[in-house]
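Here's the structure we're looking at; comments come further down.
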Amino acid sequence: MKRWLNGALATCSFELRRSFTVQRTAVSLVLALFPPAIMLILILATRLSRDFQAQTAILDFSQLLIIFLVALVCLLTTLLWATPNVYSEMEGKTWGFIASRPGGRVSVFLGKFLASFLVSFGVSVVAISLCIFLVDRSYSMPDAQRLWLSICGVFLLGCLVYSAVFSMFGTLFIKRSMVFAAGYLFGSDVILASIPGALISKLTIRYHLQEIGIAWIGWFLPASYNEADFRLFYGEPLPTWIHLAILLGITAAALALGGWTIVNREYITKDDA
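Residue numbering for the sequence shown is 0 to 272, as defined by numbering that gives the first Met the number 0.
Dropping the structure here:
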């Protein structure tokens, strides 16, 4: 276990150092700046129009917009970093060396998982901070610090669980891992999680993050949407600790399955084909 942890930390450190290239840094900056750029455009557009109702609507929708935009870049970052964990080593022709080392496969798997988690969470924190700063300076958002802490807490959990699940897909499907992960994301957290009243919607990651978000952030949907109607469709909320336990359980299960797969599966490299 100690050897796995030391190897995972070494791999994570190497991946993070390798990420500070011009290309990777530029991609991360573009992703982190996309949500605040959209918010800035909306704020400037409403100010130039001098439409008071539009300005009120921006403030009313601000929390939902921030969460939605940051979720997009967070998931995209996680897809880019977590899914090619095995394929990138095979393309770099380093898989043979890794597979021959004691504990090398698990160390690389856990290290790349940690790197994808840290990068996706870092991008999310930058985006959240800039978005809340812009809205607060423009419209004096109430209790901005508490909102920042709450949203960051939700995205901490989201980055953790999605990094684990997408890393698992990277060990299962190799070349098409990003396609399968994106398909899972669309089918589970977009379609199934949007089915009101269905039991299967409560088995999705989005449902548990959504409930934790409501508990920590408060009612972040616009005032025109009634929470009572929301509860009519999705049922009464469970205690927050249950949602936390389920998300941590999904993370542990995904890491366990991914670790078992990467150890027991024989990956065919180009040299072996």
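Don't be surprised by glycine CBs; every beta carbon is placed ideally from N, CA and C. All values reported here derive from a predicted model rather than from experimental measurement.
Within the same chain, show all residues whose beta-carbon is closer than 7 Å to that of G248, passing over the 5 residues directly before and after it, in chain order.
Apart from the 5 residues on each side of it in sequence, G248 has no Cβ closer than 7 Å to any other Cβ in its chain.
Which residues bound the alpha helix (DSSP H) around Y138?
Per DSSP, Y138 belongs to the alpha helix (DSSP H) from G103 to Y138.
For L237, which of helix, strand or coil comes out of DSSP?
Looking at L237 - three-state DSSP - the assignment turns out to be coil, as it is neither helix nor strand.
Output the distance between the C-alpha atoms of A272 and R100, rounded to the nearest integer angstrom.
Its pLDDT being 47, under 50, A272 is placed unreliably by the model, and nothing is read from it.
Does the Cβ-Cβ distance between L159 and T77 come in under 7 Å?
The Cβ atoms of L159 and T77 lie no closer than 7 Å to each other.
So Y86 is in the alpha helix (DSSP H); what residue range does that whole segment cover?
Y86 to E90 is the span of the alpha helix (DSSP H), which, as asked, contains Y86.
Contact check, G257 vs M167 under 8 Å by CB: the rounded distance?
Rounded, the Cβ-Cβ distance is 4 Å, consistent with contact.
Taking the straight line between their C-alpha atoms, what separation do you get for K174 and D59?
If I take the Cα positions, the gap works out to 43 Å.
On the CB-based measure, 16 or more other CB atoms within 10 Å of its CB, does R104 come out buried or exposed?
By the 10 Å Cβ count, R104 comes out buried.
In the DSSP assignment, the alpha helix (DSSP H) including G217 goes from what residue to what residue?
DSSP places G217 outside any alpha helix (DSSP H), giving it a letter other than H or E.
Looking at M89 and the ligand ADP, is the gap between the Cβ and the nearest heavy atom below 6 Å?
Questions concerning the ligand ADP fall outside what the structure shown contains, since it holds no ligand whatsoever.
For L15, which residues of its own chain have a beta-carbon under 8 Å away from its beta-carbon, when the five flanking residues on both sides are left out?
Correct list, in chain order: A114, L117 and V118.
Please name the residue in S123, R17 and G102 whose C-alpha comes closest to that of I360.
Here the chain has residues from 0 to 272 only, and residue 360 is not among them.
Can you name the start and end residues of the alpha helix (DSSP H) that S166 belongs to?
That run of the alpha helix (DSSP H) goes A143 to F172.
Where does I190 sit, in a helix, a strand or coil, going by DSSP?
DSSP, read as helix, strand or coil, puts I190 in helix.
Are S176 and T93 closer than 7 Å when you measure CB to CB?
Against a cut-off of 7 Å, the Cβ pair of T93 and S176 comes out as no contact.
Within a Cβ cutoff of 6 Å, which residues of the same chain sit near V164, ignoring the five residues on either side of it in sequence?
Counting only Cβ-Cβ distances below 6 Å, and skipping sequence neighbours, we find A253.
Using 8 Å as the threshold, is the segment 146-161 in touch with the segment 123-135, meaning 3 or more CB pairs across them?
A contact exists between the segment 146-161 and the segment 123-135.
E88 burial status per 10 Å Cβ neighbour count (16 or more: buried):
Per the 10 Å Cβ criterion, buried.
Taking only three categories from DSSP, how would you classify E14?
The answer is helix: DSSP assigns E14 an H, G or I state.
Pick from I216, W215 and S187 that is closest to R205, judged by C-alpha positions
Ranked by Cα distance from R205, the first of I216, W215 and S187 is S187.
Quick one: grab the DSSP three-state call for Y206.
Correct three-state label for Y206: helix.
Got a sec? Which residues, its chain only, sit under 7 Å from L184 by beta carbon, not counting five neighbours each side?
Closer than 7 Å at Cβ, skipping near neighbours: L74.
In its own chain, which residues sit with a C-beta less than 7 Å from the C-beta of L133, not counting the 5 before and 5 after it?
These residues qualify, in order along the chain: P35, M38, L39 and I42.
Spatial distance of I245 from I213 (CA atoms)
Distance between the alpha carbons of I245 and I213 is about 17 Å.
Once you ignore the five residues that flank S61 on each side, which residues in its own chain have a CB closer than 6 Å to its CB?
Counting only Cβ-Cβ distances below 6 Å, and skipping sequence neighbours, we find V134.
Considering Cα atoms alone, identify which of S137, R264 and F229 is closest to R46.
In terms of CA proximity to R46, S137 leads the group S137, R264 and F229.
If S200 sits next to L208, beta carbons under 8 Å apart, how far is it from one beta carbon to the other, in whole angstroms?
The pair is not a contact, with the Cβ atoms about 13 Å apart (cut-off 8 Å).
Give the single residue among L202, F112 and I211 whose Cα lies nearest to the Cα of I66.
Checking every option, the nearest Cα to that of I66 belongs to I211.
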